[in-house]
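Colleague:
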Amino acid sequence: MHGLMEIYMGFTKSTQAAAARAATIAPPDTGKLIALLDDGSAVVRRHAAQALASHPQAAPLLLVRVHTETDHSARGAMLNSLARIGGEDAVAGLARCLHSEEPALRNGAIEALKTLPEEVPGIIAPLLADADADVRIFAVNILESLRHPLVEDWLLDVVESDAHVNVCAAAVDLLCEIGTARAAPALQRLKARFSDEPYIHFAASFALKRLAGS
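Taken in order, the sequence shown gives residues 1 to 214; the numbers are from UniProt numbering.
1) Return the residue from the list Y199, A131 and L175 that minimises the CA-CA distance to A207.
2) Are L49 and A77 close, meaning C-beta to C-beta below 7 Å?
3) Can you name, in chain order, every residue of its own chain whose Cβ lies under 7 Å from the Cβ of A169, other than the five neighbours on each side?
4) What's the gap between the Cα of F128 and the Cα of R136?
5) With burial defined as no fewer than 16 other Cβ atoms inside 10 Å of the residue's Cβ, what is the status of S81: buried or exposed?
6) How is the alpha helix (DSSP H) around F206 delimited, first residue to last?
7) My understanding is that L143 touches L155, with C-beta atoms under 8 Å, so please give their C-beta distance in whole angstroms.
8) Could you give the distance in angstroms between the alpha-carbon of P56 and the alpha-carbon of D162?
9) Any idea what DSSP makes of G108, helix, strand or coil?
10) If I follow the unbroken alpha helix (DSSP H) through S73, where does it start and stop?
11) Which residue's Cα is closest to the Cα of V165: L190, H72, E119 and S145?
12) Does F194 come out as helix, strand or coil in the three-state DSSP assignment?
13) If I'm right that V140 touches A184 with Cβ under 8 Å, what's the distance once you round it to whole angstroms?
14) Does DSSP put E160 in a helix, in a strand, or in coil?
15) Rounded to whole angstroms, what is the Cα-Cα separation between S41 and P60?
Shown next, in the form of structure tokens:
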């Protein structure tokens with residue numbers, strides 16, 4: 001027990017020391033905060049990333065670092081800061097993360113984009129036209145939390161034209177929640193287009209029943 005307690009106390013002290021080191025920059029200096037992103041302590045990197053949320057000029061570097069940061073909490077802080085910075089470049093960079101092979105980075109970018117309802121609409125159409133079906137599904141996932149008058153139109157475009165069954169299925173699932181009666185013809189055509197896909201038939205039929213009762 002004493003050994004475990006010593007290890008715990010040592011870890012606590014090192015964490016506190018790292019946090020104190022990150023807090024020594026006051027007022028925060030962009031260059032010094034950026035330098036701390038190379039610190040050996042993930043705690044320091046996380047605190048620096050959080051502080052950079054008020055430094056829009058750091059966005060390009062943060063967009064690079066999210067791809068190389070190995071600590072989950074530090075990378076999460078970078079993504080959160082990018083979301084707080086916002087702007088066209090940050091949104092475009094977060095969208096590029098959707099092509100990453102690393103699920104945690106993709107999911108973090110999706111969550112960050114969901115917090116930018118005013119800026120994300122500008123990238124939705126390109127994402128829904130991406131050659132990668134997974135990216136198109138991610139775009140539908142982003143639409144789930146996007147309060148925008150064109151959400152149903154975007155989903156109907158997917159249902160009418162996307163050739164990938166999983167992308168269409170994701171769109172139908174969301175239409176079932178937010179769709180209106182005008183989605184009914186597109187859903188009927190989707191059932192005919194994927195007549196040999198049981199899930200599409202089930203999901204579209206369920207959505208049609210819900211829309212008919214709304």
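Positions of the beta carbon are idealized from the N, C-alpha and C atoms, including for glycine.
Here the structure is a predicted model, which is why all the values come from computation and not from measurement.
Modeller: According to the structure shown:
1) L175
2) As written in the sequence, residue 49 is Ala, which differs from the Leu given in the question. Taking 7 Å as the Cβ cut-off, A49 and A77 qualify as a contacting pair.
3) Y199, I200 and A203
4) Residue identity differs from the one stated: residue 128 is Leu in this sequence, not Phe. Cα-Cα distance, rounded: 5 Å.
5) For S81, the number of other beta carbons within 10 angstroms of its own is at least 16, and it is reported as buried.
6) P198 to G213
7) 7 Å between Cβ atoms; contact.
8) Distance between the alpha carbons of P56 and D162 is about 37 Å.
9) Note: G108 maps to helix in three-state DSSP.
10) H72 to I85
11) Checked all of L190, H72, E119 and S145; the closest Cα to V165 is L190.
12) coil
13) Not confirmed; about 19 Å, so no contact.
14) helix
15) 22 Å
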